[in-house]
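Numbering follows numbering that gives the first Met the number 0, with no gaps: position 82 of the sequence shown is 81. All C-beta atoms, glycine included, are put in the ideal place defined by N, C-alpha and C. Notes to accompany the following structure.
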Amino acid sequence: MQIKREINEILIRAIGDEYLLFVFGSFAKGDNDRESDIDLALYRDKKITSGEIAAIKEVLNKSVHTLREIDLVNLTDSVSKELLENILKEGIVWHGMKNSSELMKDLKKRLTNTERL
0 MQIKREINEI
10 LIRAIGDEYL
20 LFVFGSFAKG
30 DNDRESDIDL
40 ALYRDKKITS
50 GEIAAIKEVL
60 NKSVHTLREI
70 DLVNLTDSVS
80 KELLENILKE
90 GIVWHGMKNS
100 SELMKDLKKR
110 LTNTERL
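Pasting the structure below:
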C-alpha cells in the first residue's frame, strides 16, 4: 500500500526506525468510507513530545498522497485506557522492528496497570 509506505518513510526521517505504528479505527476494521480519516498510533521506548507529534502530523497531512486527513496519537504520552485497549485489540501494526514484541508487552502492561496513562 502506497500510503503506508509514504507514512513510514516520513516517520523514519523524523524519529528513526525504532517505533511501532498502528492503524486503527475504520481503516483497521475495513469499514472506512470516503469521509474517513486515517487513525494512526505511534509508540517507541523514548518519549515523543507533543511538538514532535504536531510537526510529524503536519508533514504527514501535507506530504502523503491521500485526500484523507491523517490523525496521529502519541502512545508515549497520556492516553485513556479505553483508547489504548481499542488500539491493542483492533489496531493493525503498520511498522515494527526487532524489539516490537517487547514494546507490545510494555503497552499491554501499561493497560493492565492503570486506568489513565
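Item	Value
Spatial neighbours of L59 within its chain, please: CB distance less than 7 Å, with the 5 preceding and 5 following residues excluded, ordered by chain position.	I6, I9, I69, L71
Hey, how far is the Cα of G29 from the Cα of T65?	17 Å
To the nearest angstrom, report how far apart V78 and T111 are at their CA atoms.	13 Å
What are the start and end residues of the beta strand (DSSP E) that includes L69?	Checking the sequence, you will find Ile at residue 69 rather than Leu. Run containing I69: 69–73, per the beta strand (DSSP E) assignment.
Roughly how many whole angstroms lie between the Cα atoms of R12 and L41?	14 Å
Am I right that I86 and F26 are in contact with their C-beta atoms under 8 Å? What's the rounded C-beta distance?	Going by Cβ atoms, the distance from I86 to F26 rounds to 12 Å, so no, they are not a contact pair.
Of all Cβ atoms in chain B, is any one closer than 7 Å to the Cβ of V22?	Of the chains in the structure shown, none is chain B; there is only one protein chain.
So I47 packs on T75, CB below 8 Å; how close in whole Å?	5 Å
Have a look at R43, R33, L82 and flag the residue whose alpha-carbon is nearest the alpha-carbon of N98.	R43
Given a threshold of 16 other Cβ atoms within 10 Å of its Cβ, counted over all protein chains shown, does D16 qualify as buried or as exposed?	exposed
Determine which residues share a DSSP beta bridge with A42 and list them.	The sequence shown places Tyr at residue 42, rather than the Ala named in the question. Answer is L19, bridged to Y42.
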